[in-house]
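Protein chains in written order, with this note's numbering: chain A, 109 to 416; chain B, 109 to 416; chain C, 109 to 416; chain D, 109 to 416.
From the three backbone atoms N, C-alpha and C, an ideal C-beta is built for every residue, glycine too.
Here is the structure we will look at, set down as structure tokens.
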């Protein structure tokens, strides 16, 4: 019944799948590896076949998730370790080392919860122009790194994917790295997860609901996506509360047939949507989101800088 | 059963009272006036006695609420009209025209949802220093307006009320006007309500949960508070969804005794709190909150500037 | 002797020419019109031939200058009138009304004196996406307006002209409007002049010293440039002070042959450059530049919005 | 003839004195120590008597100057070393360790060149409220650190010294540390010098020209001032260029009596002031000032945090 609930995290699709099947079984066409490094938990979900695609509702590809500590409990070493692991996983996603990459920061700088991408861009060490105009000032074998925050369609009038394609056609990088703020399925994941994948950015994902995607098919070069969940939808919060609530009643033997049936129904989504309405697009986000984004952007930018 | 739900809006306490009593009756010790001006609805809740205080869970005083349109449907004239009415209601709250006012912007400039106060301060036309150093450059009979954003305790190490009292003791204004971002009880109120009251700021109110209040008792001069709800608590959203959900089941004759009883229970709050937990302080806020605060601060600042 | 002094303003090249020739004579190949509208002085310098190009050190084209009042003495009406005149002059520079324009904000948002372009972009009313996805929500015959701030090479690793060309190739607008902060020749012009021209942006102009230009030749569509001087170079200030100083001595008969000759010399520039050195790029700018840019960007953005 | 030239740096007053006397001699009533630590040069100017006060045009007190490298050539270790030395010199200025300090960030956050103070405040680790409300969460013997940015009179209507005094009367700290952006006498000093002194803040100093000072006399507790020059006045730049220019002519035997006399005159200042005028307050500042302030504020804030 969770099929329609939006999440940008493959790890959550896997949870949803397992929960629906009431099983921790293997998923056909999907491989999962986990690794613990200090207090970072790394989960690699590899979707290998069409069957896996359907099971997890995500395209074939590698999805690496870093579960990280609460930012207020992190030491400077923790932060550095996270950057190092972002760097390491990032490099593993390339079949061969690219000679040039374009880093793209998606999202709206003026909406805090959507500003991760543009803020990371401000901290990327770009080298492409130095290689072109002053190659003697840079180490030999350096990769040409360029970076752009294309803005959002509401502010530019142009799909960000069109802007990116125009620039890619012009400067012809070997690969794209796209940073985006994500919507999570579970509130516990907000600002506590980094997802890196080689399947690109897909329509409707991200806090800002990008209309068109950025994938190898659409831009012609590999697209690595790095995302951090910064919000959950209010509908998700409401949904979860109903779920937990019925659970609780069932455990206490206070449920009834209606409720029991409801938990199995397909039209759950409709019920959910009818519940709360407002004239603004409400999101659920930490009060300290401005602060959290500042920290997260540093870790992600350093991770990318370390990789190249 | 709503007794413990937090709201900073007297108009919502009144709704809660009426809902609990299942009545639109008069509340003892409370007078209510309403007025419609174009598309602004003005409600004046006047708590006159101890009895009224208890009924509405707010101290004696006048609480004026302006219900305003969705900011994306407002014209420039609507915005101006709101400022004018803020100005007008503000002046009505003074027994006699003050000769000097200190405008105080409470809240944390770095947390968007809590930044209304400091942002209003940036737009206040201050005159106190002109009256002191260049009185010839200003109209005679001008009021001495000064303005300060004291920051929040987490950043200054000092209660904002202590900072304010220190400054009041030094410059001795006739009155204080305190601006604060509020928490609402209903999501529909976010950024659609301006509350002006003469009962000051009370502990635990505001997005930032001020620890100590600012009232005539504590600072020795009248304190007018202007607030706009910018968030609701997630617990409130969850609570409401359960409420609506039981309503829906009752209407469809799908409820049961457990649910019916639950709706009357006193320990609702405990149930609610058990539902969702996370390591961050989650709030529910419009995605466009950055934008909305920008507009709101302009209207409030202009309202204050027009008043003096 | 002023030949090598950098200015982005045609009106100043004209002054330099006239001063060098000690004449207010006509300049061959150049037409000049002036008009006074309330307290805005409009000067239209039209460079018509190669001869004019050489005389004024600027390519053939129309250069319109609006001399405006000190921003602290402007009324809201003055500001609106300036926007209206920007709009009017802008439209006159098009041979025929374009059906689509791309507005480009050049410069570095993080360097205040160079941030005019990106800040104007934030305030442009874009329509291109509405025409594409929801044409029913917009007036028929609307122009498709899009807008982008490409950043600076030091931050993106890419020439801003390359980014623009990539986007132009993709979305094929009929014309480009480029906003840039300029360097003036005279301190009196800072924030008191708006220049609009149809000759595009040229290498080495602007506060940020764009390396490559944006002109009809390079992008294939007409390029209208709107610029406001926000700085003068320190060398210019030093140069002027020497100039004024020799003048003063000459008037008081306290000069000598050395000084008199110096004023005529060709190698003035070398002398000038030897005078003051430092490790940073010093500029001369108003202390209130942050404030001034905020006002200017509003006037320019509104001017563009009114035009389309 | 330099007597009237404004500088906030004691080290520059000393240079001016020595230059005027054409001597590197000792100055009566003044002791000077220098020390080189890696690439930081520390100069301690100690004004001991009235005679010293008059010679250097600064009140009795200790003035420590750290000359630091160009920020673009600094390593992370250099930055840390500067913070450590700020911390060390700061502690040496206290006769005995204070139990509580209030850190004050003077200046206008919205004017980049004047924003050092408020930006440092954002990065101070405040502890006073933890000691008061949760002393178990902090090490025993911790100093109570609080911090405030009082804003500028043009925005608050109140002298920042009055705000500070009000707060000092209320919370009674043992000492004040005041951060301010300074005006330097020589362009080479901009962003390359940190001055720490125990003589407080004096009227007319700072980029923002504070009207009233903050000294032990006015607030009743010791006041340590930390300042970094971020601008020079344009008049200073012009003045220097004339000076250098006459020097150059003298060396080449191209000067004349007028010029030679001019260099000795008392009314130099009048000449200087007549040279260039404008309607805005022009300053000379690095183009990259926004960036430089970000770095500087980190070093100063860390220096203060290390000290307590």
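When DSSP labels each residue in this structure, what does residue i get in the three-state scheme?
{"i": "residue 297 (chain C)", "result": "helix"}
{"i": "residue 194 (chain A)", "result": "helix"}
{"i": "residue 208 (chain B)", "result": "strand"}
{"i": "residue 360 (chain C)", "result": "coil"}
{"i": "residue 149 (chain C)", "result": "strand"}
{"i": "residue 170 (chain B)", "result": "strand"}
{"i": "residue 117 (chain B)", "result": "coil"}
{"i": "residue 177 (chain C)", "result": "coil"}
{"i": "residue 226 (chain A)", "result": "helix"}
{"i": "residue 329 (chain C)", "result": "coil"}
{"i": "residue 441 (chain C)", "result": "The question about residue 441 (chain C) has no answer here: the residues shown for chain C are numbered 109 through 416."}
{"i": "residue 139 (chain A)", "result": "strand"}
{"i": "residue 214 (chain D)", "result": "coil"}
{"i": "residue 282 (chain B)", "result": "coil"}
{"i": "residue 411 (chain D)", "result": "helix"}
{"i": "residue 396 (chain D)", "result": "coil"}
{"i": "residue 323 (chain B)", "result": "coil"}
{"i": "residue 185 (chain D)", "result": "helix"}
{"i": "residue 352 (chain D)", "result": "helix"}
{"i": "residue 401 (chain A)", "result": "helix"}
{"i": "residue 302 (chain B)", "result": "strand"}
{"i": "residue 124 (chain A)", "result": "helix"}
{"i": "residue 203 (chain C)", "result": "coil"}
Within this structure, are the beta carbons of residue i and residue j separated by less than 8 Å?
{"i": "residue 338 (chain D)", "j": "residue 299 (chain D)", "result": "yes"}
{"i": "residue 123 (chain D)", "j": "residue 137 (chain D)", "result": "no"}
{"i": "residue 119 (chain B)", "j": "residue 151 (chain B)", "result": "yes"}
{"i": "residue 333 (chain C)", "j": "residue 115 (chain C)", "result": "no"}
{"i": "residue 345 (chain B)", "j": "residue 295 (chain B)", "result": "yes"}
{"i": "residue 206 (chain B)", "j": "residue 257 (chain B)", "result": "no"}
{"i": "residue 310 (chain A)", "j": "residue 321 (chain A)", "result": "yes"}
{"i": "residue 274 (chain A)", "j": "residue 139 (chain C)", "result": "no"}
{"i": "residue 271 (chain A)", "j": "residue 236 (chain C)", "result": "no"}
{"i": "residue 268 (chain C)", "j": "residue 260 (chain C)", "result": "yes"}
Closer than 7 Å by beta-carbon distance: list the chain F residues that pair up with residue i, in chain order.
{"i": "residue 366 (chain B)", "result": "Absent here is chain F; the protein component of the structure consists of chains A, B, C and D."}
*Any chance you could list the beta strand (DSSP E) runs of at least 3 consecutive residues sitting entirely within the region 230-279 of chain C, in chain order?*
252-256
*Members of the region 274-297 of chain C that neighbour chain A once the beta carbon cut-off is set at 8 Å*: 274, 275, 276, 277, 278 and 279
*Which residues, taken in chain order from the region 389-416 of chain C, show a beta carbon closer than 8 Å to some beta carbon of chain D?*
389, 390, 391, 392, 393, 394, 395, 396, 397, 398, 399 and 400
*Is it true that the region 252-262 of chain B meets the region 230-244 of chain B, where meeting means three or more beta-carbon pairs spaced less than 8 Å apart?*
yes
*asked:* Against chain C, which members of the region 183-202 of chain A pass a CB distance test of less than 7 Å?
replied: none
*Return the residues of the region 327-359 of chain B that lie within a Cβ-Cβ distance of less than 9 Å from chain A, sorted by chain order.*
339, 340, 342, 345, 346, 347, 348, 349, 350, 352, 353, 356 and 357
*Looking at C-beta atoms only, is the number of pairs between the region 173-181 of chain A and the region 290-306 of chain A that lie closer than 8 Å three or more?*
yes
_Three-pair Cβ contact test at 8 Å for the region 183-202 of chain B versus the region 167-175 of chain B_ = yes
*Output, in sequence order along the chain, the residues in the region 133-164 of chain A whose CB is closer than 8 Å to any CB in chain C.*
none
_Members of the region 203-235 of chain B that neighbour chain A once the beta carbon cut-off is set at 8 Å_ = 218, 219, 220, 221 and 222
*Can you list, in chain order, the residues of the region 247-271 of chain B whose Cβ is nearer than 8 Å to any Cβ on chain D?*
252, 253, 254, 255, 256, 257, 258, 259, 261, 262, 263, 264, 265, 266, 267, 270 and 271
*Contact between the region 205-212 of chain D and the region 280-293 of chain D: three or more CB pairs below 8 Å?*
yes
*Is it a yes or a no for the region 350-365 of chain C touching the region 347-367 of chain D, going by three-plus beta-carbon pairs under 8 Å?*
yes
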